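Novice: The sequence shown begins at 53 in my numbering and counts up one residue at a time.
Ideal Cβ positions, reconstructed from N, Cα and C, are used throughout, including at glycine.
In this text the structure is predicted, and so the values were computed from the model without any measurement.
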Amino acid sequence: MDIFLIILGVIILLILASSIKIVPQATAYVVERLGGYQTTLDVGIHFIVPVIDKVAKRVSLKEQVVDFAPQPVITKDNVTMKIDTVLFFQITDPKLYTYGVERPLMAIENLSATTLRNIIGDLELDETLTSREIINTKMRVSLDIATDPWGIKVTRVELKNIIPPTAIQDAMEKQMKAERERREAILRAEGEKTSAVLVAEGKKQAVILEAEASKEAAILRAEAQKEATIREAEGQAEAILAVQKANADGIRFLNDSQPGNAVLQLKSLEAFAKAADGKATKIIIPSEIQGIAGLVKSLTEVSKED
Numbered sequence: 053m054d055i056f057l058i059i060l061g062v063i064i065l066l067i068l069a070s071s072i073k074i075v076p077q078a079t080a081y082v083v084e085r086l087g088g089y090q091t092t093l094d095v096g097i098h099f100i101v102p103v104i105d106k107v108a109k110r111v112s113l114k115e116q117v118v119d120f121a122p123q124p125v126i127t128k129d130n131v132t133m134k135i136d137t138v139l140f141f142q143i144t145d146p147k148l149y150t151y152g153v154e155r156p157l158m159a160i161e162n163l164s165a166t167t168l169r170n171i172i173g174d175l176e177l178d179e180t181l182t183s184r185e186i187i188n189t190k191m192r193v194s195l196d197i198a199t200d201p202w203g204i205k206v207t208r209v210e211l212k213n214i215i216p217p218t219a220i221q222d223a224m225e226k227q228m229k230a231e232r233e234r235r236e237a238i239l240r241a242e243g244e245k246t247s248a249v250l251v252a253e254g255k256k257q258a259v260i261l262e263a264e265a266s267k268e269a270a271i272l273r274a275e276a277q278k279e280a281t282i283r284e285a286e287g288q289a290e291a292i293l294a295v296q297k298a299n300a301d302g303i304r305f306l307n308d309s310q311p312g313n314a315v316l317q318l319k320s321l322e323a324f325a326k327a328a329d330g331k332a333t334k335i336i337i338p339s340e341i342q343g344i345a346g347l348v349k350s351l352t353e354v355s356k357e358d
């Protein structure tokens, strides 16, 4: 009897323990009663009816990431390539997620593949390679609308890899190589052009500086020559002025001494003698020469008496 009571007590404790449910953070429990949806348990401690109620599904409310395998797609210009996508989603309604669709992740993967094919089918190869952001946005909007009845919110879609055919990859590599070589040639040409311009500018500047130096030297020489000419002219003027002053003083001295006719005749004779000593081929003798000779004789006699 005691054993039976112990067993019964243990069963009652297990039943009571099974009726207590503690829901952790960012998790929701979907509870069914006799096979039908009863309620959704949020974070905290909850009590359910033993045996009648059960937790049908534990749903994580965290944002989840799914990496899908590469999917073959065909572009508008008939180029087949493979694209793998990364999808971020979050469950917003545990009830819809539980009863909305069977195997939700597989449904999202198939829906992502079909949506990606539809979008890439409207784009050419070059547009596909350069329009990742546009493709991501279109896929996110389309998937979010399609998964809303399943209680799923698609928050982000990213194209992880775009894998074109090998021939296309080789052609792209050759194109990129040619583009790099073209840019290198352009940069080299621009460098040579810049160098030539700088050299020409340097030569031009040197010529300008040399011309300016020659100009300044010529100006300085002209200024020096001008100064020398001015000094020479001033010296000649001073010399002429001195000669004129000496002549004027001599004339003034003669005037002050009041010379007689004899002195004047003597000076005339001296001037005649100087003229005779020159290189002239003709000498004009004045008619008063006899009078001058007599004057000279008289002066000689006067000198003897003295």
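For I204, name the three-state secondary structure that DSSP assigns.
Specialist: On the sequence shown, residue 204 is found 152 positions in, with the first residue counted as 1. I204: strand per DSSP, three-state reduction.
Novice: Taking the DSSP output, what are the residues bridged to I67?
Specialist: On the sequence shown, residue 67 is found 15 positions in, with the first residue counted as 1. BP columns for I67 are empty, so no partner.
Novice: If you pair each beta-carbon of the segment 150-169 with each one of the segment 199-214, do three or more pairs fall below 8 Å?
Specialist: In short, these stretches touch, since the Cβ pair count reaches three.
Novice: Judging by CA-CA distance, which residue of I214, E284, A78 is the nearest neighbour of G96?
Specialist: For the purposes of this step, residue 96 is taken as the residue at position 44 of the sequence shown. Minimum Cα distance to G96 is reached at A78.
Novice: Are the beta-carbon atoms belonging to M191 and T137 less than 9 Å from one another?
Specialist: Taking the first residue of the sequence shown as 1, we reach residue 191 at position 139. Taking the first residue of the sequence shown as 1, we reach residue 137 at position 85. In this structure, T137 lies closer than 9 Å to M191 by Cβ.
Novice: Taking DSSP as the reference, what is the three-state secondary structure of K297?
Specialist: Within the sequence shown, residue 297 is the residue found at index 245, counting from 1. Correct three-state label for K297: helix.
Novice: Measure the beta-carbon distance from L93 to A80 and round it to whole angstroms, keeping in mind my assumption that it falls under 8 Å.
Specialist: Your numbering for residue 93 matches position 41 in the sequence shown. Your numbering for residue 80 matches position 28 in the sequence shown. Right, their Cβ atoms sit about 7 Å apart.
Novice: Can you list, in chain order, the residues of its chain with a C-beta nearer than 6 Å to that of P102? Leave out the 5 residues immediately preceding and following it.
Specialist: In the sequence shown, counting from the first residue as 1, residue 102 sits at position 50. Result list for P102: I67, S70, S71, in chain order.
Novice: Output needed for I220: all residues of its chain with C-beta closer than 8 Å, excluding positions within five of it in sequence on either side, in chain order.
Specialist: Walking along the sequence shown from the start, residue 220 turns up at place 168. Cβ neighbours of I220 beyond the five flanking positions: V131, M133, L177.
Novice: Could you give the residue range of the beta strand (DSSP E) that holds P124?
Specialist: Stepping through the sequence shown from its first residue, residue 124 is reached at position 72. From DSSP, the beta strand (DSSP E) with P124 extends over 123-126.
Novice: K109 lies in the alpha helix (DSSP H); which residues open and close that run?
Specialist: Residue 109 sits at position 57 when you count from the first residue of the sequence shown. That residue, K109, is in no alpha helix (DSSP H); its beta strand (DSSP E) goes 105-112.
Novice: Roughly how many whole angstroms lie between the Cα atoms of L168 and D105?
Specialist: Taking the sequence shown and counting its residues from 1, the one referred to as residue 168 is at position 116. Taking the sequence shown and counting its residues from 1, the one referred to as residue 105 is at position 53. Near 42 Å, if we compare the C-alpha coordinates of D105 and L168.
Novice: Which residue comes first and which comes last in the beta strand (DSSP E) that contains D136?
Specialist: Locating residue 136 in the sequence shown gives position 84, where the first residue counts as 1. First-last of the beta strand (DSSP E) with D136: 132-143.
Novice: Helix, strand or coil for F56, going by three-state DSSP, please let me know.
Specialist: Numbered from 1 along the sequence shown, position 4 holds the residue referred to as residue 56. The answer is helix: DSSP assigns F56 an H, G or I state.
Novice: Ignore the nearest five residues each way along the sequence and tell me which others in V209's own chain have a CB closer than 7 Å to its CB.
Specialist: As a working note, residue 209 is residue 157 in the sequence shown. Excluding positions up to five away in sequence, the list reads T137, L139, N188, M191, R192, L195.
Novice: What three-state label does DSSP hand L347 in the structure shown?
Specialist: Residue numbering aside, residue 347 sits at position 295 when the sequence shown is read from its first letter. Low per-residue confidence applies at L347: pLDDT is 48, beneath 50, and the placement is therefore not dependable, though the value from the model is reported in the following sentence. L347: helix per DSSP, three-state reduction.
Novice: So, at 7 Å on beta carbons, what are the nonlocal neighbours of I100 in its own chain, with the 5 sequence-adjacent residues on each side left out?
Specialist: The residue given as residue 100 occupies position 48 in the sequence shown. Correct list, in chain order: S71, K73, V83.
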